[in-house]
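Engineer: Residue numbers (the working numbering), protein chains in the order written: chain B, 262 to 996; chain L, 21 to 733.
Glycine included, C-beta positions come from ideal geometry on N, C-alpha and C.
From a predicted model like this one, the values you see are computed outputs, not experimental measurements.
Questions regarding the structure given below will be posed in turn.
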Amino acid sequence: MFTCARGAHAPEGRGLHASSGTGSALKTEISTRLGSSSTSSFVSAELGCIRPVTCIEPGRGDGQTDYWSRAGAADGSGPNRKPWAPGTGGSTNGDSLDSPTGSHVEWCKQLIAATLSSQISSSTSADPNRENRQDSLEEGLGHHDDSDSELPSDASASLLRCNLPALRYGAQIKMSQNQVPLLPGENVHVTVKDVMYICPFSGLVNGTLTVTDYKLYFIGVERESPFVLDVNLGAISRLETISVPNQGENNKGLELVCKPLFAFLYKEQFPVDGWKVYDATAEYRRQGLPNESWTISKINSNFELCDTYPSVLVIPTNISDEDIRRVGLFRAKHRIPVLSWIHPETQASIVRCSQPLVGPSDRRCKEDERLLQIIMDANAQSHKLTVFDARQSSVADTNKAKDGGYESESFYTNVDLNFLEIPNIHVMRESLRKVKDVVYPTIDEAHWHSAIDQTHWLEYIKLLLAGAVKVADKLESGKTSVVVHCSDGWDRTSQLTSLAMLMLDSYYRTIQGFQVLVEKEWISFGHKFSSRIGHGEDNHSSSERSPLFVQFIDCVWQMTRQFPAAFEFNELFLVTVLDHLYSCLFGTFLYNSEQERTAQVCEKHYDDTHLYKTCFNCSCCVQEVQSKTISLWSYINSQPEDFSNPFFVDYEHHVLYPLVSSRHLELWTGYYARWNPRMRPQVPVHQTLKELLFVRAELQRRLEELQKEAAAHSLSSSSEHSPSHTSGTPLHSAV
Amino acid sequence: MSADQKHYTGNCAKESNQKPGSTEASIFMRSYLPSAQTEKPIDPPIKKVEPKLLLGEIIVNEVNFVKKCISSENGHEDLWGKLICTNFKVSFIPQNDSSKQSEHLSHILLGEHDIPLTCLDQVVTVNDSKGKKKVLGSNQKLKFNPTELILYCKDLRIIRFCFDEAGPESAKKVCLAIAHYTHPADLHLLFGFEYQGRRYHERKETEINGSVPLVGLQTAVFDRTSDWDREIKRTGASEWRVCSINERYCISLSLPEYIVVPASLADQDLRQFAVYFSDNRIPLWCWNHPNGSSLVRMSNIADPLQQKKIEQRILNAITKSHPQHSEVTRIDLDKGLPNTQDIQSAFSKIRQICVIDSFEESEERWLLQIENSRWLEYVRAFLKQSAEIVYHMEGKIASVVILEEEDRDLNCVVSSLVQLMLDPHYRTISGFQCLVQKEWVMAGHRFLDRCNHLKKNEKEECQLFLLFLDCVWQMINQYPAAFEFTETYLTVLSDSMWIPLFSTFLFNSCFQRSQHLMDFAKAKAIPPTEEDSVYFPPVWEWSQQFTAKEQTLFNNPMYVGKSAACVHNGEVKSFRRTKKAYSASVKGILASVANGLRDGEGTLTRRASFLSELKQDFSTVKAVIESPSEIFFRDWFSRTVDLQGLLLPMTLPSHIALWKLYFLRWVPEACITKGGSITTYHQLCQLVDEIEMLQSRLRQYKGPSPGITQSLA
């Protein structure tokens, strides 16, 4: 419960800030700070710095080893992983162990703020102080339990209270014997006492560390508003030991802790089932499909045509399955052009696909050319078709040399080809890494703007938004259908199509609609979340990782900044989505494709070690991801009021073009730098608005009551009952 | 004269920012008005191509068939009409004003295409075919026939007129007239003197006829002892007294006639000290903290031999006025803060980036250029310096003396910011106006020179007041519910600097002001018994510029006034009525924020350490050593903000934003179609009105007793 609150939810983190009491203010900073790593997208670890006390005995050392390796196992380190302590305890240079990039190590080192000076507690402590502390904590938690499913009303809420809104639905918080709040299904693996946590921003905190199969939980010994640090393991991508100057002999190696897929163990119950949010067929029906030109096809129902595409596809009516298969051979990863969105009036459509396999010899595919022609013809408003290739034209040429390529305007008649010049995932990864360097742990006050400038992050945001505006405008003003692709059609393509749809279709600007958008353009169309985020992977520096989805959410945030009243969801919603992108608490962002997701996982292979590499061929597998995990949308839709934007006005048929200007693009410090206590957010206006809305509702309620009363009264006395201006004189002098 | 004119449309140029595909009416962020509110019935356009003239305004020159270039890209938005130069403004009257009335804040005195002459910064004439360009000064010759006139305005507008179809000679004449009239030889030639004189007499006549009597101003202007007495009483500065030794300006020409000094210093002492200070400026009391510490502003003592001694005596006197007799902190603002030239150069640069450079070009290196301009850095520096002083007064309970060479520039900014942070009174509209009056106008900020109204000396020009407004805006941006006024108010106030009809920004000192106004009264046969604010009003008389309805836009709907608490745990406890539409004096909304949290805590996160120079060193893990002020700031930020108490700005660079309304409102490319923060403002206003309506209806049910309060408590 706590866990996701800290590690995963920004807002709760903030709640903690505010509620943790003056005395613990500083410490709470620390906790959120540490928790922060989970949010920092692809490098999301900053735990570590294990500092054994010098007097540790070998046996103790082993104990420690044991502890960590157990934790490692719980986290999903398979036998192929390096066991933590024995392997690293003796090695002298951590960086050499599996240091992916120097900068990553540097980043982690800077992040690493925890020094745990520890002894293994073999049994529950007899220390009376500790017992007392636990008692007091227990009270707090008990209270917490009582007020579980309703808004807390007692002003003297304990520290723990603030995390309530996170997951309050029916969550039965169990307490382990060490008073760690556990999620249903969560188990404690080890508890370590007398741990010291050193925050770079303040001093030491003594406390107890507990590792469960989901989180790492640290609680300070202080009685009043104990300091709590809570990081879910999914967020940790590595542990690192670094030496402390006066105990330099303990310069330990680095070790990755693999991400546990706790989602499969998480048993929270929500009244709403988020898996039901997206139904591809229903969504296409909403768009008015099928129609005479487009059909909802089952050609890929067994993922035979394309294993990274969803099972439900919309393709033109008058093309044969045979031709479609031929097209599949001509498109990278068989990702053929399929409809993703259709304009309700003009019938212009957004079609997405991967690059054509033109190759250096300018191969052609008659079926592919015909397919694009049919797509163009499906829209009577225009005699053109625009292909947006998200890549840089030079890169597209390189791809062509490597058997990829792009649609030649001479072979594809009536096709306009545009390159959007967006760099690839590696550039984006590097850019976000720089953003982190800029905002954390220290910021260069004198060169803040130029430092942001040098990350180029906003430049890429600008490119993406500009690309999406072009796509949207081509449809809206040009009434022309567009085809969007990059190389494989699952990264930049998803970004562009989903952003364009967000501009074009107000439905996607609602909470529900946005979920559908993400489910559709990202999850079902095979954005490789698992590879891009690195769920359950040990290769911290994998070149497959890239924060493309983060970048998309950033673009959405930029749009919400420009149109504060156009989106039903608020910033917390976006942050929550990103938090759970990394948290592994929900199944929503697990796996790379619909096929992997719906693939049946056999019980034999279903353990918490190596889940994400499922066995597709094992016949004994019976479970699906959807039934084994909980959808993020279950959580969000169970408490939509927390995520809704009080300013929202449904501009139903408004097409919104964000202003793609450096003047209006901002670094989203509310997300990237939220754990830096010095960069706290400014007072949100919407908070005031919410209060005003509440006042209004309250007044309306009172008024209605009085009106009823008055009506009843006037009936009985049969006197004048006009509510407003006819009632005697004194009423008007009320002011 | 023009009471029948319903639509003096706002002083924002109408722009069309045709985003791809947008066909509907656009809402611009630069608009002062929230969009939906502007849908008022539009009068049929007035066909006559006649300027609307104010009292005493005369046409100097005019030229027909002029094209006003609206958008640089496409010409179809351009307007044709007549360009007129009067003794007050440059006016452009579109021939066929077919375009719908602009929906910006309407100004009573100025039309949409009007620019007061004092607002002009540079008058540039261009001859395209000859490739010539000339910046016109006063009494200059123009050797070519201009094809184009570009007016660079001090409010950051840039306006282009084309003379392709106009008579070359008359075009030239108008250009020269504009250039000439923007360089008045003397202060009393500014149009305000003409206008206010006539206006006075006209109003006198109507008064005699039995209508509206001339009412004095609500805002205290601190030109009399009673204003100071009230301020002393309000702040509890019992050890300070009003001193009148500068009556008739016999000590210093830059000080006001009445000043506040330590009670322990006799007039005799002050006379003796005065000579050592620059311009005989006796140190001025600004404000007293409830804890007894005072803020005092002081100029440098020129004589190095006497400096220590005199200063010590002054400081001793201030110490004596402190209830704890604690030591006085002396802060030299000339060290560590940018000087006026730095500030002006930063302003020029940021202006260059925002409005002069081509949009696309500046896009490329936007962040770098913003940083290089150093404007935001300076804004931050002033906020930080002020916060530091707050620490001394609030945290160390020490009186603070701020020193500046002349005590007429930086001290104005810092002293007013400190008071804004410490005293919620100054966060109301009337309080803020008092503050400007006290710390700027009366303290002798040289508005005339700094604004360079007479275009005499560019070196003296400095947009220091704008820097101050920007600092205030940063505070508003960070604490949107803490101020009674909006950014619209600040913008309008900044624009008013360039309208020479009000006494506030016209003079270098009280002395100069009284001299000019005395002469003026004599010349215009105004009885000497008349208050000068009646015959030459300060800018605070907003009804001169805006209707009551427009003025509601100055009110922040989120502002929470002094009295407290209404929503708590789902109960409306007390609810004070709102005073006017759009001004939510919805009391105590914020208390509810603490809903469900322990007492004294809130969800408004205040948890940044304020540590300015803190270096995080991760390689050596050790406790950070904080200075006392850092601890103070961190402590403060860890608590819930009391919007009616001390308010500290967050001063990391990431907290300091560009004031877009001010800097980008004239840039069509920078306006967000159908969006912008104005949409939220509008919604807040609607909501507050709705609440007010509900309240009044409730009151009708409940009767005059504070029923709702009782019943809901």
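Would you report the Cα separation of Leu403(L) and Ala501(L), rounded to the nearest angstrom?
Structural biologist: If you take the alpha carbons of Leu403(L) and Ala501(L), they lie about 19 Å apart.
Engineer: Which chain B residues sit within Cβ distance under 7 Å of Glu710(L)?
Structural biologist: The answer, in chain order, is Arg957.
Engineer: Going along chain B in order, which residues have a C-beta closer than 8 Å to the C-beta of Gln715(L)?
Structural biologist: Near Gln715(L) (Cβ distances below 8 Å), the residues of chain B are Leu960.
Engineer: Closer than 8 Å is the cut-off here; do at least three beta carbon pairs connect the segment 288-301 of chain L with the segment 314-330 of chain L?
Structural biologist: Segments in contact, yes.
Engineer: Quick test of your reading: Glu507(L) and Ile496(L), contact by CB under 8 Å. State the CB separation rounded to the nearest angstrom.
Structural biologist: The pair is a contact, with the Cβ atoms about 6 Å apart (cut-off 8 Å).
Engineer: May I ask which residues mark the beginning and end of the beta strand (DSSP E) holding Pro577(B)?
Structural biologist: 574-577 is the extent of the beta strand (DSSP E) around Pro577(B).
Engineer: Considering only the alpha carbon of each residue, which of Gly795(B), Leu778(B), Arg962(B) lies closest to Ile814(B)?
Structural biologist: When each option's Cα is compared against that of Ile814(B), the closest is Leu778(B).
Engineer: Along chain D, which residues have their Cβ under 7 Å away from the Cβ of Trp929(B)?
Structural biologist: Absent from the structure is chain D; the protein chains it does hold are B and L.
Engineer: Taking any Cβ of chain B, which residues in the segment 385-411 of chain L have a Cβ under 7 Å from it, in chain order?
Structural biologist: Cβ contacts with chain B come from Trp386, Leu387, Leu388, Ile390, Glu391.
Engineer: Using the beta-carbon of each residue, which ones in chain B are nearer than 8 Å to Leu718(L)?
Structural biologist: Simply Leu960, Arg963, Leu964, Leu967.
Engineer: Check whether the Cβ atoms of Cys626(B) and Phe591(B) lie closer than 8 Å to each other.
Structural biologist: Yes. Within cutoff.
Engineer: Looking at the structure shown, is Lys370(B) part of a helix, part of a strand, or coil, going by DSSP?
Structural biologist: Since pLDDT at Lys370(B) reaches only 33, below the 50 mark, its modelled position is unreliable, and no value is offered.
Engineer: When DSSP labels each residue in this structure, what does Thr1(L) get in the three-state scheme?
Structural biologist: As shown, chain L starts at 21 and ends at 733. That puts residue 1(L) outside it, with no answer to give.
Engineer: Residues of chain L with CB closer than 7 Å to the CB of Asp714(B), please, in chain order.
Structural biologist: Neighbours of Asp714(B) on chain L, chain order: Leu387, Leu388.
Engineer: Evaluate contact between the segment 747-758 of chain B and the segment 637-653 of chain B, counting only Cβ atoms and requiring at least three cross-stretch pairs below 8 Å.
Structural biologist: In short, these stretches touch, since the Cβ pair count reaches three.
Engineer: Please give me, in chain order, every unbroken run of the beta strand (DSSP E) with length at least 3 that falls completely inside the segment 160-244 of chain L.
Structural biologist: The qualifying runs are 168-173, 178-182.
Engineer: Rounded to whole angstroms, what is the Cα-Cα separation between Cys279(L) and Pro358(L)?
Structural biologist: Sequence check: residue 279(L) is Ile here, not Cys. Their backbone Cα atoms lie some 28 Å apart in a straight line.
Engineer: Roughly how many angstroms separate the alpha carbons of Val886(B) and Gln664(L), rounded to a whole number?
Structural biologist: Val886(B) and Gln664(L): Cα-Cα distance of roughly 53 Å.
Engineer: What are the boundary residues of the alpha helix (DSSP H) that includes Gln642(B)?
Structural biologist: Segment: none, Gln642(B) is in no alpha helix (DSSP H) and carries neither H nor E.
Engineer: Is it true that the CB of Ala639(B) sits closer than 8 Å to the CB of Lys740(B)?
Structural biologist: No; because the gap between Cβ atoms is not below 8 Å, this pair is not in contact.
Engineer: Does Val533(B) come out as helix, strand or coil in the three-state DSSP assignment?
Structural biologist: Reduced to three states, the DSSP call for Val533(B) is coil.
Engineer: When burial is assigned at 16 or more other CB atoms within 10 Å of the CB, is Ser558(B) buried or exposed?
Structural biologist: By the neighbour-count rule (16 or more Cβ atoms within 10 Å), Ser558(B) is buried.
Engineer: By DSSP, does Ser742(B) sit in helix, in strand, or in coil?
Structural biologist: It is a strand residue.
Engineer: Does the beta-carbon distance from Lys109(L) to Gly101(L) come in below 8 Å?
Structural biologist: Taking 8 Å as the Cβ cut-off, Lys109(L) and Gly101(L) do not qualify as a contacting pair.
Engineer: Does any heavy atom of the ligand PLP sit closer than 7 Å to the C-beta of Phe591(B)?
Structural biologist: The ligand PLP is not among the ligands present in this structure, which contains no ligands whatsoever.
Engineer: For the candidate residues Tyr509(L), Trp386(L), Ser341(L), Cys139(L), whose alpha-carbon lies nearest to that of Gln483(L)?
Structural biologist: It is Cys139(L) whose Cα lies nearest to the Cα of Gln483(L).
Engineer: For a cutoff of 8 Å on Cβ pairs, would you count Glu706(B) as touching chain L?
Structural biologist: With 8 Å as the cut-off, Glu706(B) counts as an interface residue toward chain L.
Engineer: Using 8 Å as the Cβ pair cut-off and three pairs as the minimum, do the segment 371-382 of chain L and the segment 673-689 of chain L touch?
Structural biologist: Contact between the segment 371-382 of chain L and the segment 673-689 of chain L is present, because at least three Cβ pairs lie under 8 Å.
Engineer: Check whether chain B comes within 8 Å of Leu684(L), counting only Cβ atoms and requiring the distance to be less than that.
Structural biologist: Yes, Leu684(L) counts as interfacial toward chain B.
Engineer: Listed from N- to C-terminal order along the chain, which residues in the segment 670-700 of chain B have their beta-carbon within a distance smaller than 9 Å of any beta-carbon of chain L?
Structural biologist: The residues in question are Val700.
Engineer: Taking only the alpha-carbon atoms, compute the straight-line gap between Ser274(L) and Arg717(L) and give it to the nearest angstrom.
Structural biologist: Answer to the nearest angstrom: the Cα atoms are 54 Å apart.
Engineer: So which residues of chain B does Ser649(L) contact, with C-beta pairs closer than 9 Å?
Structural biologist: Simply none; closest approach about 15 Å.
Engineer: Count the other C-beta atoms from every protein chain shown that fall within 10 angstroms of the C-beta of Asp243(L), then say buried if there are 16 or more, exposed otherwise.
Structural biologist: Label assigned to Asp243(L): buried.
Engineer: How about Lys969(B) and Pro907(B): do their beta carbons lie closer than 8 Å?
Structural biologist: In this structure, Pro907(B) does not lie closer than 8 Å to Lys969(B) by Cβ.
Engineer: Identify, in the order they occur along the chain, each residue of the same chain with its Cβ nearer than 7 Å to the Cβ of Lys475(L), setting aside the five sequence neighbours on each side.
Structural biologist: Closer than 7 Å at the Cβ level, and outside the excluded window around Lys475(L), lie Thr202, His203.
Engineer: With 8 Å as the threshold, decide whether the Cβ of Leu707(L) is near any Cβ in chain B.
Structural biologist: Yes, its Cβ sits closer than 8 Å to a Cβ of chain B.
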